[in-house]
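**Student:** Residue numbers (our numbering): 224 to 431. Idealized CB from N, CA, C, for every residue including glycine. Just so we're clear, the structure is a prediction, and the values are computed from it rather than from any experiment.
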């Protein structure tokens, strides 16, 4: 008998079931993100130093769900997915205490990379995909036990995802991915010619 213990559970689904709603949401967000990028001079300066070749509002405008009606609507839609995910994780906290506390945009032109990192002190983090050109880079997850692999042989190239050391999820436009915030992840260098545009966010435990 094999017991599968301590799984890493990643949630991935279309934000809306309606294709028309998805199309309109993407259109609205793309227009808003363009305005944000053009107006956020502080974020452009920070990105020039810390996000080479790309743009993120992470260090400037990181509460877009409280600033824009389009992002506010996005928060409402994501909330339902977070509730499903937290139920699957069997988190022992009231659903109302898990709240979006930060939300920012990322624009990754060709060859821009976002190196391996976590989202400290948050509970659930995730990304909504606005524009994914053909051949764009995936979201890469690392096995959280990685630092303990002393003398552990490599895995076969065709190994089942649960046995791999890394897993690369190829996102689609209009889809949301959720993961626990301690999960290390990265976006490798974008090989696509077009811009890879996404909205990232954190949910924190707000005790009442």
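For residue 340, report the span of its beta strand (DSSP E) as first-last.
**Tutor:** Your numbering for residue 340 matches position 117 in the chain shown. Element bounds for residue 340: 337 to 340.
**Student:** If distances are taken between C-alpha atoms only, which option among 370, 270, 227 and 319 comes closest to residue 432?
**Tutor:** Since the displayed the chain opens at 224 and closes at 431, residue 432 lies outside it and no answer follows.
**Student:** Expressed to the nearest angstrom, what Euclidean distance is found between the alpha-carbon atoms of residue 383 and residue 390?
**Tutor:** Along the chain shown, read from residue 1 onward, the residue named residue 383 stands at position 160. Along the chain shown, read from residue 1 onward, the residue named residue 390 stands at position 167. Distance between the alpha carbons of residue 383 and residue 390: 10 Å.
**Student:** Quick check: residue 353 and residue 228, are their CB atoms within less than 7 Å of each other?
**Tutor:** By 1-based counting over the chain shown, the position of residue 353 is 130. By 1-based counting over the chain shown, the position of residue 228 is 5. No, these two residues do not count as a Cβ contact at 7 Å.
**Student:** With DSSP as the reference, label residue 297 as helix, strand or coil.
**Tutor:** Position 74 of the chain shown, counting from 1, holds the residue named residue 297. Correct three-state label for residue 297: helix.
**Student:** Helix, strand or coil for residue 429, going by three-state DSSP, please let me know.
**Tutor:** Against the chain shown, residue 429 aligns to sequence position 206. Residue state, collapsed to three classes: coil.
**Student:** Would the beta-carbon of residue 195 fall within 7 Å of that of residue 356?
**Tutor:** Lying outside 224 to 431, the shown extent of the chain, residue 195 is not represented and no answer is given.
**Student:** Would residue 371 be called buried (16 or more neighbouring beta carbons within 10 Å of its own) or exposed?
**Tutor:** Within the chain shown, the letter at position 148 stands for residue 371. Classification for residue 371: exposed.
**Student:** Give the secondary structure of residue 289 by DSSP, where H, G and I count as helix, E and B as strand, and everything else as coil.
**Tutor:** Counting from 1 along the chain shown, the entry for residue 289 is found at position 66. Looking at residue 289 - three-state DSSP - the assignment turns out to be helix.
**Student:** For the beta strand (DSSP E) containing residue 261, list its first residue and its last residue.
**Tutor:** The residue given as residue 261 occupies position 38 in the chain shown. Segment 242 to 262 is the alpha helix (DSSP H) holding residue 261; no beta strand (DSSP E) there.
**Student:** Taking 7 Å as the cut-off, decide whether the C-beta atoms of residue 401 and residue 234 are in contact.
**Tutor:** In the chain shown, the residue the question calls residue 401 occupies position 178. In the chain shown, the residue the question calls residue 234 occupies position 11. Cβ atoms of residue 401 and residue 234: closer than 7 Å.
**Student:** Report the CB separation of residue 350 from residue 299 in whole angstroms; it is logged as a contact under 8 Å.
**Tutor:** Stepping through the chain shown from its first residue, residue 350 is reached at position 127. Stepping through the chain shown from its first residue, residue 299 is reached at position 76. At roughly 17 Å, the Cβ-Cβ gap does not stay under 8 Å, so residue 350 and residue 299 are not in contact.
**Student:** By Cβ distance below 7 Å, which residues in the same chain neighbour residue 432 in space, the five residues on each side in sequence not counted?
**Tutor:** The structure shown does not extend to residue 432, since the chain is modelled only from 224 through 431, so no value can be given for it.
**Student:** Buried or exposed: which applies to residue 330, given that a residue is buried once 16 or more other Cβ atoms fall within 10 Å of its Cβ?
**Tutor:** Your numbering for residue 330 matches position 107 in the chain shown. Classification for residue 330: buried.
**Student:** List the endpoints of the continuous beta strand (DSSP E) containing residue 354.
**Tutor:** Here residue 354 corresponds to residue number 131 of the chain shown, with the count starting at 1. Segment 347 to 354, the beta strand (DSSP E) holding residue 354.
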